[in-house]
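J.: Sharing a structure below in structure tokens format, with a few things to ask.
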Amino acid sequence: SKDNTAFTLVVALNYGARQEIVAAAQSLAADVAAGKLAPAAVDWSAVEARLQTAGMPDPDLIIRTSGEFRLSNFLLLQSAYAEIVFASVFWPDFDKAQLQLALAEYAKRERRFGQTREQIQTSAPA
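Per my numbering, residue 37 is the first one in the sequence shown, and the count goes up by one each step.
Here's what the structure looks like:
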């Protein structure tokens with residue numbers, strides 16, 4: 037938006053979402069076993085606090101390079117409502133022009149965060 041003065045850029049190296057999820061589950065299990073956390077207290081915030089991205093916002097946009105149409109084990113939990121743009125170039129060739137194309141595509145998207153268009157229209161103020 038026009039009032040936004042900062043953004044968060046995340047570049048993941050040697051990262052795997054499945055391992056991140058396993059580590060979070062192991063941490064939760066250890067805390068429950070030690071009596072530090074009640075099983076009923078295991079909710080999304082407890083899981084989220086144990087992810088490698090704890091304290092960071094979920095991504096609004098994921099740009100997938102190389103022409104592949106898959107997430108490749110990347111931010112599987114955090115990307116639930118992210119917009120994904122697929123670029124046909126490989127990462128080393130991803131330049132300013134490619135970024136501008138991806139941002140232009142993102143700007144055309146209607147962010148619904150899991151809702152249908154109809155749900156958004158019925159919840160909008162009249």
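C-beta atoms are modelled at their ideal positions from N, C-alpha and C, and glycine is treated no differently. Source: prediction; values computed, not measured.
Below 8 Å between beta carbons: does that hold for R100 and F122?
T.: Yes, these two residues count as a Cβ contact at 8 Å.
J.: Out of P93, T89, Q62 and Q155, which one is the CA nearest neighbour of V78?
T.: Looking at the Cα atoms, Q62 is the closest of the given residues.
J.: Between A59, R106, G71 and P93, which lies nearest to V83 when the distance is taken from Cα to Cα?
T.: The shortest Cα separation from V83 among A59, R106, G71 and P93 belongs to A59.
J.: Quick check on the DSSP output: the beta strand (DSSP E) that includes L97 runs from which residue to which?
T.: Per DSSP, L97 belongs to the beta strand (DSSP E) from L97 to R100.
J.: Using a 10 Å radius around the Cβ and a threshold of 16 neighbouring Cβ atoms, would you call A116 buried or exposed?
T.: So A116 counts as exposed.
J.: Please identify the residue among L87, F105, A143 and P93 whose C-alpha is closest to the C-alpha of Y51.
T.: Residue L87 is the option with its Cα nearest to Y51.
J.: Kindly identify the DSSP beta-bridge partner or partners of F122.
T.: Looking at the DSSP assignment, F122 forms a beta bridge with R100.
J.: Can you look up Q114 in the DSSP assignment and give me helix, strand or coil?
T.: Three-state DSSP puts Q114 in coil, outside helix and strand.
J.: With distance defined between alpha-carbon atoms, name the residue in L97, K38 and I57 nearest to N109.
T.: Looking at the Cα atoms, I57 is the closest of the given residues.
J.: Quick check on Y142: does DSSP put it in helix, strand or coil?
T.: Here Y142 sits in helix by DSSP.
J.: With distance defined between alpha-carbon atoms, name the residue in A70, D39, T89 and L135 nearest to I120.
T.: The residue with the shortest Cα to Cα distance from I120 is L135.
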